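Quick notes on the structure that follows.
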Amino acid sequence: MEQVIANGLYLGAQYALIALGLTLIFALMNVLNFAHGQMYVLGGFVTYAIYGQLGLPFPVALAASSITLAVVGALIEKFLFRPVVRRSEREESTMLLAAAVAFFLDAVILLAFGEKQRGVPKIVSGVFVSDGLIMPYDRMVVGIVALAMIAAFVLYMQYSKPGRAMRALAQDRVAAQLMGVKVDRYSMIGFALGALLAGAVGGLLVTITGVNSGIGGPISIKAFLMVMIGGAGVVGGAIAGGFILGMMESVGLTVLREYGDITYLVIFALLMVFLSIRPNGLMGKPWG
Amino acid sequence: MINRRTALKSLALGAASTLAIVGALSSAHAENKTLKIGFVGVTSGPAAAWGTSNVRSMQVRADWINEKGGVKIGDDTYNIELVTFDDQKDPKRAIAGMEKMAQEGIHYVVGPNVDDGAAAVRPVAESKGIIYFPYAFPKALYTPPASNAVLGMVANYQSAPAIYKYLKENKGVKKIAFVAANESDPLSQRDGGVEAAKALGLEIVAQNDTYPNDTRDFTPVMTPIVQQKPDLLVLSGVAPANAPLLIRAARELGYEGLISAETAQDATVLQEGAGELANGFISVGGASTPEIRSAEMEEFIDRYTKKYGEYNDESNTKVYALDYIVETLKANPAAIDNVEEYKKTMDTFSAPNPFVKEGTLKYVGQTSFTQKRQISVPMVVTEFKDGKFETLFVGEVD
Amino acid sequence: MTKKATLAGAFLLVLLIVVPLAIGASGREDLYYTLTSVALLSIISAGVWITFYIGRINIGQGAYALMGGYVSAVLVTAYGVSFWLTLPLAGLFCAVASILIGLPILRLRGVYFAMVTLVLTEVVRLLALALPITNGAKGIVSIPQPGGISLFGITLLPDFATLTNPRLAFYIVSVLLMALCFAGLYRLKNSRIGQLCQSLQQNEELASSIGVNITYLRVLAYAISSFLGGVGGAMFAAISQSIYPSSFTVADSVNFMLNCFLGGLSYVFGPILGTFVLYFGWDVLFQTGEFQLLIFSSILIALMLLLPNGLLSLRFSSKAKGAGR
């Protein structure tokens, strides 16, 4: 049982980190970023190229992943989302743009890095073994780094000037603008930060699970689920959603294994029931 | 705004006209006649690796043949031209792809890569006179009244009994566990594996465990299975991308038994994803190991590597389909635009296998499908060792 | 109104007569299937459009298409029911199912509804894998072609298996279904119910406070939407003569939604145009090989930058600037 809980916690930490960037972009711009998973994949491949192929130290690669994605995110916001958001009548229209960006990144990644699954050497080798628990050291390191990054993000949003500006923007766009918050600038910073988180977690996880060019879409969908469980656009919700989904998968796969193929059926059906009872997730604000 | 719009519009126009010109140029060819061979399968998205290794093997082989001056079929010499269609693993698109092939006047198509696509294109292939070579295992595709599909590899219900038997006799395997992705192909393959294990009297300790194909962390999936302590863990229908992750998760949880798969894998992927933890992993390939492959196969790998930067071991199996088509047409030139002639030839066809040191190309499948609707590929059962595959034993399908 | 009706009639005549003649003359027989697909996918997308019309983002249409496909396939193979009867039955089954599912989930809005419907797509796929009646992972294959219909000894519809070109027959049936679907949709939009639905899109609380029965309207719209999904799915099962749990997946659900966006959410005929461009665009680009997805997505992004309100907004853009609509 310890093992199952440890699995769930580790899975939850990585899920929460993936969900954070998505929920941030959603909170600021009401854009459901279909390309989030592709950004994660791109981050993974940057780390693969720098750490795995060039042999530079892992932190350098991780930084490079983050910076690359921050730049990509900022460009996408400035040149694609901003003009479309301004001119579209219904804000959902950005979903098509987000999906097109996702296809585009998929195509670029496939052409640049090929179709194969890629992996890098372990950052730490060895496995921790006790009576009830087996955990490789590299998973522990990644789990701790993920938690540290989540904490850093929360603190940044809470206490820094851009963080406060972005929170104001998320709460009420018009009011924030009236109070002198530069909406365009902070939307771009927010989008860049969301993309940076995707890139960072991609770079971090490539050491455990590797990366391949096709997983972007599925990762986005997983991330949507977590965001919905916790409540869209709320940082605490994304973190809670990540851990809840991680725990559900871990416990579900053990408890329901006798019933075979229906494990995920039950998880998804429970999700639907849960959302029917709490239409805004755990702590989301009502829609509209 | 206006400027950007006009710029974009002219860009789109420019792109369209470039396409038109490229299209016009590519139809101008040398004096040789052209033999068009099709491919309908998945070359983008999560399963891109499957179709890509098909397309690349075919492209390398076709370039090579054309470079040597083409292939002589009957009185004419042909250059081979490939027409490929990406179905995005969507059966509805696969039908459109097969229609495109018919439109291009193509009678021989490699693919689709998955069960649903292979089933969906059957009506088109049969009405338009196309022989196709799916990499999908459902027996209904190859058993009468179906007659236009030819299985392009060894099916898992053919290889599994041989592998389990070998492991039972040589490695003392008694308890066996299965894990599969919750999709059609892997689940069908798992059911086939369970049947084979039962027939051999093995004790099945896990057969219901499944995972979504896009799982990234397999530790939660593997935890309860490893606790059953099987001697052999079968990764049914595992995608090459997932194999190293599953192996790594099982080994890191302290699993010490054997691990095997009945689908083709790639050594580099295994090495990068699981490293030495993948040592001892058993899988099936075509002309895969240095002990059995011919000089021609070595050259194929060289050319492939030169053209695409990196070889893919899945191509050890996928290299065969194009050669089977070309060699069969050579044996019966009338089949070039008449698949009924092709079907007749399949019963008696035989030619030397260029890719292994000893072997013949022939059509098999009599036992499984009651007719010869499968290409004969050496069933090389391999063990992964330090980044390479080593031969355990070589089997054959009849 | 009459002008519009003549225009629609002319369009239908072009589809039913000119297109087959042109295909016959040019020999491009593969286009039959492509256009059939466009017609059927636009019917399914029309369902998504209706849910947009009541202000819901629906990424669950694939679920009903799959359900409809299975209902038809099971009825035809296991019970020997005529395909033509299973077509409305598949739609009705989906409509009933969608009422049961819709009652709880239609209370959700915005991205929450989008997400729960996306989960629904996956739930139905997993159900298809797990239920015995669907034959699980092995799918249902070798479904016979649609049989004929005769009334009092007169053949109304020939048996498809005896036709020399069943593709043409499927094409005609699909175009007729599409015409029926969009004529109905047009009527619906301009009816009282349609106007009430639009009030839901703008403000549900307000609509509710002035006495509109919003629960009834929402469920009704969702049921119609799912009916269309089921009919489209059943047609695809008949054309491919097979159905698998993976015949309609999350990717399809997303595509149906994108079709509506691309065509334009404010226009009844948006789904047709959107589907045509998205589906046909991919097919046309197939010769570009490995660059297909790159070119395709670049064009999509460019279109979005040019016409963020959908392709059909092009028509009105000059008028709309001054007067609005």
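Residue numbers (my numbering), protein chains in the order written: chain A, 77 to 364; chain B, 7 to 404; chain C, 73 to 397. No residue lacks a Cβ here, since even glycine has one placed at the ideal position from N, Cα and C. In this text the structure is predicted, and so the values were computed from the model without any measurement.
If I'm right that residue i touches residue j with Cβ under 8 Å, what's the distance once you round it to whole angstroms?
i	j	result
residue 362/B	residue 293/B	5 Å
residue 275/A	residue 119/A	3 Å
residue 163/C	residue 297/C	Not really, about 11 Å apart at Cβ, beyond 8 Å.
residue 307/C	residue 114/C	So it is not a contact: roughly 12 Å between Cβ atoms.
residue 92/B	residue 63/B	Incorrect: roughly 16 Å between the Cβ atoms, too far for contact.
Between the options, which has its C-alpha nearest residue i's C-alpha?
i	options	result
residue 239/B	254/B, 264/B, 260/B and 219/B	264/B
residue 82/A	343/A, 359/A and 326/A	326/A
residue 122/A	109/A, 139/A and 106/A	139/A
residue 126/B	102/B, 114/B, 313/B and 110/B	102/B
residue 332/B	100/B, 115/B and 51/B	115/B
residue 171/A	157/A, 181/A and 356/A	157/A
residue 321/B	55/B, 404/B and 45/B	55/B
residue 259/A	241/A, 270/A and 227/A	241/A
residue 276/C	78/C, 89/C, 111/C and 127/C	127/C
residue 361/C	222/B, 57/B and 206/B	57/B
May I ask you to report which of helix, strand or coil DSSP gives residue i?
i	result
residue 194/A	strand
residue 381/B	strand
residue 275/A	helix
residue 30/B	Interpretation of residue 30/B is limited by its pLDDT of 48, a score under 50 that renders its predicted location unreliable; no figure is taken from the coordinates.
residue 120/B	coil
residue 289/B	strand
residue 35/B	Because the pLDDT of residue 35/B is 47, which lies under 50, any placement of that residue in the model is unreliable, and the number read from its coordinates should be weighed accordingly. Coil.
residue 182/A	helix
residue 369/B	strand
residue 151/B	coil
residue 242/B	strand
residue 341/A	helix
residue 6/B	Nothing about residue 6/B can be read from this structure; chain B reaches only from 7 to 404.
residue 140/B	coil
residue 59/B	helix
residue 264/B	strand
residue 385/C	helix
residue 397/B	strand
residue 390/B	strand
At a CB-CB cut-off below 9 Å, which residues of chain B make contact with residue i?
i	result
residue 335/A	214
residue 80/A	226, 229 and 230
For the beta strand (DSSP E) that residue i lies in, which residues bound it at each end?
i	result
residue 212/B	209 to 217
residue 85/B	82 to 92
residue 160/C	That residue, residue 160/C, is in no beta strand (DSSP E); its alpha helix (DSSP H) goes 155 to 177.
residue 181/B	181 to 187
residue 222/C	221 to 223
Which bits of chain B does residue i rub up against, with CB to CB less than 8 Å?
i	result
residue 308/C	98
residue 105/C	101, 102, 105 and 130
residue 242/C	Residues of chain B passing the Cβ test: none, with the nearest at roughly 10 Å.
Counting only Cβ pairs nearer than 7 Å, list the residues of chain C close to residue i.
i	result
residue 341/A	195, 198, 199 and 202
residue 136/B	Those within 7 Å of residue 136/B in chain C number zero; the least Cβ separation is about 12 Å.
Specify, as a first and last residue, the run of the alpha helix (DSSP H) that residue i falls within.
i	result
residue 244/C	238 to 261
residue 92/A	78 to 105
residue 232/C	Careful: residue 232/C lies outside any alpha helix (DSSP H) and carries neither H nor E.
residue 204/A	From DSSP, residue 204/A is part of no alpha helix (DSSP H) but of the beta strand (DSSP E) over 203 to 205.
Taking Cβ-Cβ distances shorter than 9 Å, what residues in chain A pair up with residue i?
i	result
residue 258/B	203, 210, 211, 212 and 215
residue 387/B	Those do not exist, as residue 387/B stays about 22 Å from chain A at its closest Cβ, beyond 9 Å.
Which residues of chain C have a Cβ atom closer than 8 Å to the Cβ of residue i, listed in chain order?
i	result
residue 332/A	Neighbours of residue 332/A on chain C: none; closest Cβ ~12 Å, over 8 Å.
residue 344/A	191, 194, 195 and 198
residue 182/A	365 and 369
In chain A, what lies closer than 8 Å to residue i by C-beta?
i	result
residue 318/B	192
residue 38/C	As displayed, chain C neither begins before 73 nor continues past 397, which places residue 38/C out of reach and without an answer.
What in chain B is Cβ-close to residue i, meaning under 7 Å?
i	result
residue 289/A	54
residue 209/C	190, 193 and 194
residue 361/C	90
Nearer than 7 Å: is that true of the beta carbon of residue i relative to any heavy atom of the ligand ATP?
i	result
residue 148/B	This structure simply doesn't include the ligand ATP, nor any ligand for that matter.
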